[in-house]
Amino acid sequence: MTRTTQAPKALRNAGNYIDDRFHLAKTGKKQLGKVFPNHWSFMLGEIALYSFIILLVTGVFLTLWFKPSMAEIVYDGAYEPMQGVTMSEAYASTLYINFEVRGGMLIRQIHHWAALIFLAAMLIHMLRVFFTGAFRKPREINWLIGIALFALAMVEGLFGYSLPDDLPSGMGVRILQGVMMALPIVGPYASMFLFGGAFPGEDIIPRLYMLHILLIPGILLALVGAHILILWHQKHTQYPGKGHTEKRVVGTPMLPAFAVKGGAFFFFVFAVITALSGFVQINPIHLFGPFTPTSITSGLQPDWYMGFMEGSLRIFPNWFDIDVAGYSIPTAVLVPGLVVPGLVFGAMALWPFVEAWISGDRRHHNVADRPRNAPVRTGMGVAGITFYGLLWMAGSNDILSETFSISLYATTWFFRITVIVGPIIGFIIAKRACLGLQRRDREQLEHGYESGTIQQLPSGEFIEVHKESSEDVVHVLESKEPVSRIDVRALDENGVEAPSSRGLMGRLRLRLAEWYTRDNVSFEGVEPHTGHHLRHGAHGEDNLSPQDREEAATT
Amino acid sequence: MTRNGETVKWITARRRHPLAGYVVVTLALTLFGVGYAVIAPGAERAEAQTLAAEAAAAEEQPTAEDVAEGREIYNKTCASCHGPNGEAGEGYTGPDITGEGAAAVDFQVSTGRMPSMNPDAQMPRKPPVLNQEEIDDLLAYYNAELGDPGAPGVPSSDIPGEPPKRADFEDHGAYEEALEEWEAKYEDYIEGAKNPNAGMELYLANCAHCHSWSGQGGALTGGRWAPEIGDATPLQIYEAMITGPGTMPEFSDKVITPDEKQDLIAYVKDLQAEPNAGGIFDLNRVAQVAEGFIAWTVGLTLIVACAIWITAKQRTHD
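Going line by line, the protein sequences match chains A and B. Read the first sequence against the numbering used here and you will find it ends at 687, with the numbers running on by one and no gaps. Read the second sequence against the numbering used here and you will find it ends at 850, with the numbers running on by one and no gaps.
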């Protein structure tokens, strides 16, 4: 008996067979031993990946029975209340999946719930990447791929929602067509090409079907592949900690630990989605009834991820509609339907480049920022969340109005005002909170943490004893880098204006750099645990002193 | 140490526990929620309960006594706003009701919307103040002395109203009998619809844009709302259509024939009774907003909790 454990013979043979042909053993060993940092927030993208897999599998199942046809038929299937109703084949075949295919209803509901979870997971994953600055060099391309994925997934979801040709489907497509028609000059043509004539026509369902099951999933799959390969190649970012450096990733190896965790996590995601699908009714198309162009209902919304666009359409006023040479330009549709989402996605896509331009930071970053250490970025993120969130809520204003007995007009005005004021307040609060946390970090670094132990001094004074933070915590606290900043003085040593500060853009850049770095709690010169460990009442650390600003300005 | 002191000490010892924050948030939310439930006005949510319909009495021709009773009820509960002749006018806050018709009176009173406290506000559905016998007397008085003969009267007695209520019967047997009779009438009316599919088309084309596809109601402009119609009896739905209460348009029997109305009502009631094939939680049939809310608060939250769980390090105390 040998003492070294060997793989079973069958595995060894298979391994050798592959290795003889592809010489994979070395690469395989290296790749399978790849290390992944361990943190729950690094698992968010995985939720999206797993729900995407679930979507692909359940989607294939649904295509086996779904008929993408707008041909009118009289329903004669198992669902009794609809018998004798004239409807499209698409709607009838969806009813067939619901009531005559074994497990069809469950699979449809899994497909729909997984879609909601997919986009939600993408969104929180994106927020995690944003707030930790993980989009910085070298990961800007992957950030852009992520944004493309999110935008495509939204369109994919909208088209999927439109396929069954039930009442909400038709209403959703109607809004899509309305927004297209609002485009100046090309609008009616774009609509005509998509619908093959007037709304709704006969072509739209087969075309959406092709987009929904072939083109967009194909692109999504390719982009997901690229996203993961780039991540693999660049390695995952990690949070600051003991031994975590820009050149060294600390975490669990791919095999066995991370693969087991990831596999288990897949099953958990699947379990939650399936449990929801088993117990909570989603998109009951059999209750909605088929779409006819005369039908319309209140209380219907798009799925959540289109909510912010619905909201911007609902609250945008029609004050700016204009006529140009006899042609009306419906800005009340054009701006909220296209400009607002364009701004949201454009801002997200440009942010890494804007930030790099403002800060002049061209270094590689593999250690993630703590959100508090980038107050302006965090503030901008919170402002973005507030803007998006308010638009999103505005999309459900009729439901809010009815549920909470608030006047519908009051909600409209509430959202019109807060959608402008809210982000500003959000920015200020978030930035102040970051600076407060920085101050606390500095104090903890200098003085240790509050132990909760109260001591009485001989003088009779009560104090709380501070204890030294652990090495790990010190590492985390010390991870705050001095704020790098392009030269604000704008004059070189000879008193000549620096080239980069000339011109409109140069001056703008200087102003932005000043704004981006102005408020900062400097950690410079702070040595861990050099302060008093006994916190006295008199020992007051004032908030952001002028000295701090100076320090930042002169570095 | 006092009990109280011990509790404080117990809390103090645990205030830095990793779960302390969650506990505080949960308690605060619970307090807020329960507090709101206590403070929130209950009337709007009160579900209308049934009132007795003594079918036999309704079919009888009203007597002079009924009219006299009705006058007394009118003077006590209605005249203060609508005036002694129903014409309201100077000094009265309510509208002229002489042209509204008995169907409108029956609808408003049987759904509890009248008598109303505030003539300017839209009234929610409430348990009716008058019982069926009193409503019948009021209608007799209205028809005899106040209403225009041309205005829509209470529609055919084949349309079922509220089911009989036990409290209105002294004898249990009589109640059972009346209930059975009402059930038969209800079934005849709903199942007797010739074409509920046509009813669906009518409903989706004419009603759903305010009352929503599920009959849950919806918000309207100017602070008004379209009420939920789940609790409305077939008779009340019919009356609402022919009288057009509030901002609702009027759908006279010429626009939508009585047979079509029967189809429509049958569709509404069938849809309401339709079980939720997709799962035991129907999210009140609010659909997408509720689904998105659940996807985030239940679905994603559970999954993220799992992510936190599987990546958790063993906690060493700092």
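Note that beta-carbon positions come from the ideal geometry of N, C-alpha and C, so glycine has one too.
Note on geometry: alpha-carbon atoms of H607(A) and E378(A) lie some 13 Å from one another. In the DSSP assignment, K379(A) falls outside any alpha helix (DSSP H) and carries neither an H nor an E. Within the region 158–178 of chain A, N170, H171, W172, S173, F174, M175, L176 and E178 place their CB atoms closer than 9 Å to a CB of chain B, listed in sequence order.
Contact between the region 263–281 of chain A and the region 402–413 of chain A is not established, with fewer than three Cβ pairs separated by less than 8 Å.
Within chain B, Q820, V821 and G824 have C-beta atoms less than 9 Å from the C-beta of G439(A), given in sequence order.
Taking each of D573(A), A358(A) and P590(A) in turn and checking the Cα distance to L276(A), the smallest one comes out for A358(A). When CB distances to chain A are screened at a threshold of 8 Å, the residues of the region 748–765 of chain B falling below it are Q748, G749, G750, A751, L752, T753, G754, G755, W757 and A758, in chain order.
The beta strand (DSSP E) runs of length 3 or more contained entirely in the region 153–240 of chain A are, from start to end of the chain, 204–206 and 218–220. Less than 8 Å divides the Cβ of H418(A) from the Cβ of N230(A). At a cut-off of 8 Å between C-beta atoms, C613(B) does not count as an interface residue with respect to chain A.
Using a Cβ-Cβ cut-off of 8 Å, S642(B) does not count as an interface residue toward chain A, since no Cβ of chain A sits closer than that to its own. With respect to chain A, the C-beta atom of T843(B) has a partner C-beta closer than 8 Å. Comparing C-alpha distances from A210(A) to each of E221(A), L227(A), M342(A) and S201(A) shows the shortest one belongs to L227(A). The beta-carbon of G553(B) is placed no less than 8 Å from the nearest beta-carbon of chain A. Distance from the CA of A180(A) to the CA of P659(B), rounded to the nearest whole angstrom, comes to 49 Å. By DSSP's assignment, V456(A) forms a beta bridge with Y459(A). Of the residues D573(A), G558(A) and L589(A), the one whose Cα lies closest to the Cα of E659(A) is D573(A). When DSSP states are grouped into helix, strand and coil, T535(A) belongs to the helix group. Considered as a whole, the region 429–505 of chain A harbours 454–456 and 459–461 as its complete beta strand (DSSP E) runs of no fewer than 3 residues, in chain order. For a Cβ distance threshold of 9 Å, residue set Q820, V821, E823, G824, F825, A827 and W828 of chain B lies close to W436(A), ordered along the chain.
At least one C-beta of chain A is nearer than 8 Å to the C-beta of I835(B). Looking at the DSSP output, G810(B) bridges to nothing.
At a beta-carbon threshold of 7 Å, the residues of chain B lying near W245(A) are A827 and G831, ordered along the chain. Between P555(A) and chain B, the shortest Cβ-Cβ separation is not below 8 Å. Between the region 173–192 of chain A and the region 395–408 of chain A, the count of Cβ pairs shorter than 8 Å is three or higher; the stretches touch. Look at V628(A) here: in three-state DSSP terms it is coil, with no helix or strand label. A buried status is given to P349(A), since no fewer than 16 other beta-carbon atoms sit within 10 Å of its beta-carbon. Judged by beta-carbon spacing, I447(A) lies within the 8 Å limit of V551(A), meaning their Cβ atoms are closer than that value. Taking 4 residues as the minimum length, the alpha helix (DSSP H) runs contained wholly in the region 289–343 of chain A are 299–313, 319–327 and 336–342, in order along the chain. If the five residues before and after C742(B) are omitted, its C-beta is found closer than 7 Å to the C-beta atoms of G750, L752 and A758, all from its own chain and listed in chain order.
For the region 397–415 of chain A, the residues whose beta carbon sits under 8 Å from a beta carbon of chain B are, in order, F397, F400, V401, V404, I405, L408, S409, G410, F411, V412, Q413, I414 and N415. The continuous alpha helix (DSSP H) containing G395(A) extends over residues A391 to F411.
Excluding sequence positions up to five before and after V499(A), its CB lies within less than 8 Å of the CB of T369, Q370, Y371, P372, H376, T377, E378 and S611, all in the same chain and listed in chain order. Under DSSP, W275(A) takes part in no beta bridge, so it has no partner. Distances from the CA of W245(A) to each of N415(A), P473(A) and Q163(A) were compared; the closest alpha carbon is that of N415(A).
One finds W745 in chain B with Cβ atoms closer than 7 Å to the Cβ of F420(A), taken in chain order.
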